[in-house]
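Below: one structure, written as structure tokens.
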């Protein structure tokens, strides 16, 4: 797990696999457009749907580990690994929205969901219970629910490249300056 996009994708995959739409015979049948990133441009899908907002993609928790190895792109070098923890918010809209969130949370310990999250390198733990934030929209009541979750993942990246400074011989030709006038400066670098 590395970037915010990876975190979003893992959360979206979990919700699509685990949430149960009110008219579905079984979990895992949400259409792709029924789980979206919150605050993305464009029209909203038909209800019910879920929106994911990564509030904090992760801050380092604990010690880092440094070693020589190959990163996930196959680049060898000095690697830095650590555990990162963050928070996300799952929002559900429309009739049956509570069921979508509640089912996704209940199924977090289901073997198929555990495997899906393990393969993505992400753990998800609910923080508290779903909160009803229903609203009056166009003179009718709309069901809306919010669930906060804590996320954790391991992150490995190449350490910043360190360029070793080398010295070189230079010849300097310069001219004096007078107050208020720029100086002429010529530097010629001669490699040995």
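Residue numbers (the numbering used here): 415 to 606.
Cβ coordinates follow ideal geometry from the N, Cα and C atoms, glycine included.
- Secondary structure in the region 505-565: the beta strand (DSSP E) runs of 3 residues or longer, each lying completely within the stretch, are 536-546, 549-551, 554-556 in chain order.
- Counting the other CB atoms within 10 Å of its CB gives residue 484 a total below 16, which places it among the exposed residues.
- Collapsing the DSSP output to three states places residue 424 in a helix.
- Residue range 463-484 is occupied by the beta strand (DSSP E) that includes residue 470.
- In the DSSP secondary-structure assignment, residue 503 is bridged to 467, 562.
- Relative to the Cα of residue 520, the nearest Cα in the group 467, 419, 429, 420 belongs to 429.
- Less than 8 Å divides the Cβ of residue 560 from the Cβ of residue 544.
- Residue 493 and residue 470 have their alpha carbons spaced roughly 23 Å apart.
- Straight across, the Cα-Cα distance linking residue 459 with residue 479 is about 43 Å.
- Of the candidates 422, 465, 551, 465 places its Cα closest to the Cα of residue 447.
- Taking all protein chains shown into account, residue 550 has fewer than 16 neighbouring C-beta atoms within 10 Å of its C-beta and is therefore exposed.
- Relative to the Cα of residue 454, the nearest Cα in the group 462, 562, 419 belongs to 419.
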